[in-house]
């Protein structure tokens, strides 16, 4: 238990620093690939169940036979991966931003029980900041307007209303967090496909998108080779 | 009114509880009464009815009960939804250790439902077809987020659960007290004990109630609370602290006078001023407490963490105190705390300040000692001193001053400055006496001088050494005073006598002391420590008094001496270990053990006794009690035997290691004799041979010349001694030979010859051969002089006897002639007789010269060899020691048929001359 806690703490620390660097600088990177890589890395870390779900299950005493199987994502609570793939890039970012806004709201409620929820809230804010930067990049490369990242997107589903039944509340929290990690896993996959398609596109045309040629208005440094491991995986 | 209440479960006839409730009934009253069911009401229908009667003492008996009311049904199941499964009670908070009943309601009787408590299945009691109840006894606390209990419908994805929150009743607060720092606020504190709060479910609260004022406040913290004091209105306070949570409450009270609960604030602005070497002034400030309060402040002076001085000062606001009796150059800490001077309650917090006093001149003279030695003929004095303690140094020592004053020749003083890091210096002096002053300097000045007098002439530094024993406490050294003028004594030793430098130590002792115990952490067992006791005279000169040596603890020797074997004979050898130093051993060497063992000898020699070694082997042991005896003679040994020996020293602690024996093999008994005889003989023979080789020519000439020289013949001397004028040496030039008679002596002639003369040995007579030189063949038969050549080389015996041995060879020699010619006289007689006979036999007219000589051998060195061939003429010069004799004395030539000789005519030219 102790090594797992240490591992989680370290992971949270690294992730926090990663996101804090984003939030602290307040500048968006004009480099699409760097930003995309950063989003991928962040999503990669946020999908890790050891950051939220596992501590929650342990804290609430749900790590018992007969209960674990009921800690599954409620259908419709989060957009499916297919639904995310079906969205445009900007639509995807909007949905991601809105969904994470709701996640932040739920995490605030969980903070009283789960101290790591506060740290994860900071991470999500940093991730949303990068979503905002990516939206700015994409907006510069298209004529379409995008909503502000703090507003919920059309694809986001409202979280279930908390109930007075503590037991059900525990299960719902567990399902919510399960869905959150699954959702971040899907987002990670979508971001990965962005990278793959961009590479293919570049290899065909040998030039970046128009907006990327113009560059972003603000630059934010980030180490593209940053890689954070290991991480837990959701049950498939 | 008194109300009797009945409660039934499931059906009205099943009364589970009956109780009374008494209350005062007023006009149009609505009464409330509650009852807690052990079984959740949702799981079973409950019925309640009641009846009443007057319950007033004013109304006389009898008092009758009213009729029972109708049964009122309480059915919570009706309000439940359509879920297939329900579990009750939800989110119940219970006290740890209590019993709890839970139940579930299933909508479908066909469902198989199983329930679990923290993953462990539990089994309950079925109340009816749809309801089952579980009784949990003595529930325990598991986690703050509650104990999970859930039920599942088998084969369906239906799960319902409840969370049971288990907590404790609050502990009674401990150490509840209140105090003020400024008469404006009272701060009450307590120890809340175990935290019983549960997130979102059960929190604990603390309430402070003051009974005199009737005020109550809810405390913000679980262990403290602030109470605002009403100005000047209330002196006494009675506080009650109530602790409460969902399960119960506790309370604790305290009554006090405000003036007795003054806890001053921590003083501030603590400063040190006018800090000198021994004094310093401390100032500080305090927060005022009221208008008339006086504070008692405690000023502590700390040095190295310990309180050195403590002073109490009463002040209103500003405090000041003069600290004295401080040590120079010392770090101190001043610490101040205060309390109410009138009613002590608690000390305030402390404020402290470090400071360092100023330096002062060193207060004590250095402890100086000296070591005098002679280097290249000059007395060299090494001064040692011990660094001043911090107490006496009074500051950082910057340097040492050494002033050298010549006492015999008043002259200029020599001043040496020694760095502070040194603890000694070396001075080269002459043969005079010097007074040496040593002082230590710091920034404030010098220390008192330490004076020592050193004489250039060390004088008699010898004293007999005495042995002392060490103990755990050290060495007890005592001495006898020599003079009454001693002003003190110094005991000197080395802490590490085996090292260089040996870390010289000394101890000063007063004049009335005659013993002391020398102890040092450096003392080790098995090390010899030498102590010298010096008497310090009034002139401050040190004179050696006594010498002591001892061991803290004697140890057995660790090494054996290197033994040399000498004087090895067949019966003895000598062992010596003169290089072995007895002074550097781990104990006083008391003697030696000599071990001897031999396979040849089973018994020990006298002086030895049998001993058994550690390896169980036996040997002989001899003990030498004199440590200075470093030789030992092993005697009575067997020749040609192997002996093993070992010499090991011993001390009072034991002997050295008995491990490696040295082998010695005694030699043969006669070998030394043979060596003594044969060796000189060989040398002599060699010398003779060398001499002979070097003088071979001389020897040859002397002993065996190839041609005898007649002039060197012994016969000549004999003749001369007889003064025979007829006998002269004939020169070869005078000889005119015309024929050579060669006399060949065959082998068989020996017998014949022996018959003629038996006085000579056979060998002696086989050697001679004669060569007769005749003038002419016709003269052969006639008389005439004959010259006989004699070669004495071939017959030493004859030569020695003075005879020319060939005379008897004539066959006609009368047998009457006596045998051996052993003397010159005999030889001379024989010669005379033979010659005379010959002359008589030969006619005078027929006298002729006969050359009788030896026939030179054809083979060099083979004088016995008989020539088979006719002899060839050899050079005349090879004839030596010839002499001329009268012809009449010459032997007649042998007959031609004679077997003793043969005559071979030679040509003229072949004759020898």
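Residue numbers (the numbering used here), protein chains in the order written: chain A, 110 to 345; chain B, 5 to 917.
Think of the CB as a built atom: it goes at the ideal place given N, C-alpha and C, for glycine as much as any other residue.
* Asked: Counting along the chain, where does the beta strand (DSSP E) carrying residue 625 (chain B) start and finish?
  -> Its beta strand (DSSP E) spans residues 622-628.
* To do: List the residues that DSSP assigns as beta-bridge partners of residue 231 (chain B).
  => Partner(s): B:190.
* Helix, strand or coil at residue 689 (chain B) [DSSP, three-state] -> The answer is helix: DSSP assigns residue 689 (chain B) an H, G or I state.
* Considering residue 81 (chain A), what are the terminal residues of the alpha helix (DSSP H) in which it resides? -> Since the displayed chain A opens at 110 and closes at 345, residue 81 (chain A) lies outside it and no answer follows.
* Asked: Does any residue of chain B bring its CB to less than 9 angstroms from the CB of residue 300 (chain A)?
  -> No, residue 300 (chain A) lies away from the interface with chain B (no Cβ there is under 9 angstroms from its Cβ).
* Would you mind stating whether residue 445 (chain B) and residue 402 (chain B) have Cβ atoms separated by less than 9 angstroms? => yes
* Asked: To the nearest whole angstrom, what separates the beta carbons of residue 3 (chain B) and residue 653 (chain B), a pair I think is in contact under 8 angstroms?
  -> Past the edges of chain B, shown from 5 to 917, lies residue 3 (chain B), and the structure says nothing about it.
* Asked: Is there a Cβ from chain B that is less than 9 angstroms from the Cβ of residue 187 (chain A)?
  -> Judged by the 9 angstroms Cβ criterion, residue 187 (chain A) is not in contact with chain B.
* Asked: Under 9 angstroms Cβ-Cβ, which residues of chain A neighbour residue 147 (chain B)?
  -> 168, 169, 170
* Asked: Between residue 248 (chain A) and residue 183 (chain A), is the Cβ-Cβ spacing less than 9 angstroms?
  -> no
* For a contact meaning CB atoms closer than 7 angstroms, what does residue 276 (chain A) contact in chain B? -> 152, 154, 165, 166, 167
* Asked: Could you give the distance in angstroms between the alpha-carbon of residue 553 (chain B) and the alpha-carbon of residue 469 (chain B)?
  -> Inter-residue distance for residue 553 (chain B) and residue 469 (chain B) is about 7 angstroms (C-alpha atoms, whole angstroms).
* To do: Have a look at B:162, B:73, B:42, B:330 and flag the residue whose alpha-carbon is nearest the alpha-carbon of residue 89 (chain B).
  => The shortest C-alpha separation from residue 89 (chain B) is found at B:162.
* Asked: Any beta-carbon of chain B closer than 9 angstroms to the one on residue 222 (chain A)?
  -> Closer than 9 angstroms to some Cβ of chain B, the Cβ of residue 222 (chain A) qualifies, so yes.
* Can you give the beta carbon distance from residue 564 (chain B) to residue 450 (chain B), rounded, assuming they're within the 8 angstroms contact cut? -> No, residue 564 (chain B) and residue 450 (chain B) are not in contact; Cβ-Cβ is about 56 angstroms, not under 8 angstroms.
* **C-beta neighbour in chain A for residue 1 (chain B), strict 9 angstroms** => There is simply no residue 1 (chain B) to check, as chain B begins at 5 and stops at 917 in what is shown.
* CA-CA distance, residue 371 (chain B) and residue 510 (chain B)? -> About 9 angstroms.
* Could you round the C-beta distance between residue 152 (chain A) and residue 293 (chain A) to whole angstroms and report it? I think they count as a contact, below 8 angstroms. => With 8 angstroms as the limit, residue 152 (chain A) and residue 293 (chain A) qualify as a contact, their Cβ atoms being about 5 angstroms apart.
* To do: Write down the C-beta distance between residue 326 (chain B) and residue 390 (chain B) rounded to the nearest angstrom, noting that I regard them as a contact closer than 8 angstroms.
  => Not a contact, Cβ separation roughly 35 angstroms.
* Alpha carbon of residue 386 (chain B) to alpha carbon of residue 416 (chain B), nearest angstrom -> 21 angstroms
* Name the residues in the stretch 219-235 of chain B whose C-beta lies less than 8 angstroms from a C-beta of chain A; which are they? -> Going along the stretch 219-235 of chain B in chain order, one finds no residue with a Cβ nearer than 8 angstroms to chain A.
* **C-beta neighbour in chain A for residue 241 (chain B), strict 9 angstroms** => no
* **Residues of its chain near residue 10 (chain B), where Cβ-Cβ distance is below 6 angstroms and the 5 sequence neighbours each way are ignored** => 19, 22, 53
* To do: Could you name the residues of the same chain whose beta carbon sits closer than 6 angstroms to that of residue 166 (chain B), not counting the 5 residues immediately before and after it, in chain order?
  => 91, 94, 153
* **Counted within 10 angstroms of its Cβ, other Cβ atoms place residue 206 (chain A) as buried (16 or more) or exposed** => buried
* Residue interval of the beta strand (DSSP E) (run including residue 266 (chain B)) -> Where residue 266 (chain B) is concerned, there is no enclosing beta strand (DSSP E), given that its DSSP letter is neither H nor E.
* What span of residues does the beta strand (DSSP E) with residue 23 (chain B) cover, start to end? -> 19-26
* Asked: If residue 340 (chain B) sits next to residue 373 (chain B), beta carbons under 8 angstroms apart, how far is it from one beta carbon to the other, in whole angstroms?
  -> Going by Cβ atoms, the distance from residue 340 (chain B) to residue 373 (chain B) rounds to 47 angstroms, so no, they are not a contact pair.
* Asked: According to DSSP, is residue 138 (chain A) helix, strand or coil?
  -> coil
* Spatial distance of residue 357 (chain B) from residue 307 (chain B) (CA atoms) -> 12 angstroms
* Buried or exposed for residue 214 (chain B), please, with buried defined as at least 16 other CB atoms from any protein chain shown within 10 angstroms of its CB. => buried
* Can a CB atom of chain A be found closer than 9 angstroms to the CB of residue 161 (chain B)? -> At least one chain A Cβ lies under 9 angstroms of residue 161 (chain B).
* **Test item: CB-CB of residue 157 (chain B) and residue 117 (chain B) under 9 angstroms** => yes
* **Contact between the stretch 38-51 of chain B and the stretch 61-80 of chain B (3+ Cβ pairs under 8 angstroms)** => yes
* Out of B:226, B:275, B:135, point me to the one whose CA is closest to residue 45 (chain B)'s CA. => B:135
* To do: With DSSP as the reference, label residue 354 (chain B) as helix, strand or coil.
  => Annotated three-state conformation of residue 354 (chain B) is coil, per DSSP.
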